[in-house]
């Protein structure tokens, strides 16, 4: 699978990709339609949701946004689908007066 076939055409997201076909450290490749990655899913259309459910069998979402981002932007349309489990796992712990990604960036990024 090349980069061109990894892209998932969604009207409500601009950077959705199937990570299938990527090499692993042991020389194998990841399976198609097992791991998807995307930018913000807040604006998915009904057709987008249907495509993710029917063509990719979407069952779990790992939302890496902070709690503040979720409160600000809302949970998104996929959280209303009973067959999907949401895992809220913010990359950036909230603390102090800053609740954005800059708050603890030095603890997360290695450079």
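In our numbering, the protein residues as written are -6 to 104.
Note that the Cβ used here is the ideal one computed from N, Cα and C, for glycine as well.
Computed from a prediction, not measured in an experiment: that's the story for all the values here.
Three or more beta-carbon pairs separated by less than 8 Å are not found between the segment 12 to 22 and the segment 33 to 49, which leaves the two stretches without contact.
Apart from sequence neighbours up to five positions away, the residues of its chain that approach residue 76 with a beta-carbon distance below 7 Å are 52, ordered along the chain. In the three-state DSSP reduction, residue 60 falls in the helix class (H, G or I). With a 10 Å radius around the Cβ and a threshold of 16 neighbouring Cβ atoms, residue 9 comes out buried. Within its own chain, the residues whose Cβ lies closer than 6 Å to the Cβ of residue 38, once the five positions on either side in sequence are excluded, are 4, 5, listed in chain order.
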